[in-house]
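Throughout, this note's numbering is defined as the position within the sequence shown, counted from one, plus 8. Before any comments, here is the structure.
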Amino acid sequence: VNLGSRELKKPLFAGVTPSPVTDYLLASVVAGGVASVVLCPAEDVRIRQVADPTYADTAFGALSRLVREKGPLASFGGLPAMLCKQVPYTMGKQVSFDLFCSLIFSSLALALAGGDGAALDPRAKAAVPFLAACLTSVIACVLSHPGDMVLTEYFKGASLPVVKGFSVAKGARSSALTKPPPVQSTLGAVRAIIARDGPLGLFAGLKARFLHVAAIIIVQLVVYDAIKQALGLPSTGSH
Numbered sequence: 009v010n011l012g013s014r015e016l017k018k019p020l021f022a023g024v025t026p027s028p029v030t031d032y033l034l035a036s037v038v039a040g041g042v043a044s045v046v047l048c049p050a051e052d053v054r055i056r057q058v059a060d061p062t063y064a065d066t067a068f069g070a071l072s073r074l075v076r077e078k079g080p081l082a083s084f085g086g087l088p089a090m091l092c093k094q095v096p097y098t099m100g101k102q103v104s105f106d107l108f109c110s111l112i113f114s115s116l117a118l119a120l121a122g123g124d125g126a127a128l129d130p131r132a133k134a135a136v137p138f139l140a141a142c143l144t145s146v147i148a149c150v151l152s153h154p155g156d157m158v159l160t161e162y163f164k165g166a167s168l169p170v171v172k173g174f175s176v177a178k179g180a181r182s183s184a185l186t187k188p189p190p191v192q193s194t195l196g197a198v199r200a201i202i203a204r205d206g207p208l209g210l211f212a213g214l215k216a217r218f219l220h221v222a223a224i225i226i227v228q229l230v231v232y233d234a235i236k237q238a239l240g241l242p243s244t245g246s247h
């Protein structure tokens with residue numbers, strides 16, 4: 009969704025501002041917004057099932073229960089939180105990839121082919137998207153992690169039933185009632201995380217995210233660039 013949507017929007021935003029980088033950023037913001045709308049229900053279902061394994065046996069069952077109990081638009085209450093994750097993620101992944109590919113390609117062409125990119129060894133060209141994807145994955149993970157924490161806090165808190173001003177997880181004993189986290193809004197989710205763990209709580213679990221998400225990003229971007237070339241388009245950064 010991210011990559012395809014941005015490729016469609018790049019020509020629309022070309023020349024909107026004097027800076028090509030700013031044009032890329034604008035296209036990425038819009039693409040991230042589109043992805044946020046598409047992914048909101050799926051993310052809501054995923055977090056509810058993780059927070060409460062008894063919520064439903066399958067993702068489809070969880071979605072059906074959510075629609076039945078709270079209406080078809082219930083998941084979109086978390087759209088601002090989803091935007092906090094998806095827009096920085098899209099910007100960090102796609103714009104950084106374009107810039108790193110251009111930088112690495114130009115550097116290799118200058119060092120190995122006297123500045124002539126067309127004469128660059130095919131093996132060196134093949135290494136460009138992989139190296140760029142590795143660097144991009146770090147930036148995308150760091151930029152999107154606080155938003156991911158906020159999104160999880162929002163949907164996780166929203167999945168807990170409230171009883172007379174208190175919130176309790178499924179299966180918890182009544183004596184363990186605690187005041188619910190302020191997750192009525194995206195800002196409330198941010199406040200809840202900071203109140204509980206401090207500002208660095210927004211980056212809790214970042215190392216684990218590097219292992220999981222970075223690997224996915226690298227594969228996505230390398231495959232994306234390979235598909236572009238298979239369709240007759242130039243490799244990212246080579247033009």
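Heads up, the beta-carbon is just placed ideally off N, CA and C, and yes, glycines get one too.
In the displayed model, P242 falls within coil according to three-state DSSP, outside both helix and strand. The straight-line gap separating the alpha-carbon atoms of L120 and L20 is approximately 35 Å. Membership of M90 in the alpha helix (DSSP H) is indicated by the continuous run 87-98.
Between A59 and F163, the gap from beta carbon to beta carbon is short of 9 Å.
S36 carries a helical assignment under DSSP once its states are collapsed to helix, strand and coil.
Between the segment 224-232 and the segment 120-130 there are fewer than three C-beta pairs closer than 8 Å, too few to call the two in contact. Contact annotation: L34 and V24 have beta-carbon atoms nearer than 9 Å. Of all alpha-carbon atoms in L139, L71, T194, the one lying nearest the alpha-carbon of D156 is that of T194. Minimum Cα-Cα distance from C109 among the listed residues A135, L118, K236 corresponds to A135. DSSP places K78 in the uninterrupted alpha helix (DSSP H) bounded by 67-78.
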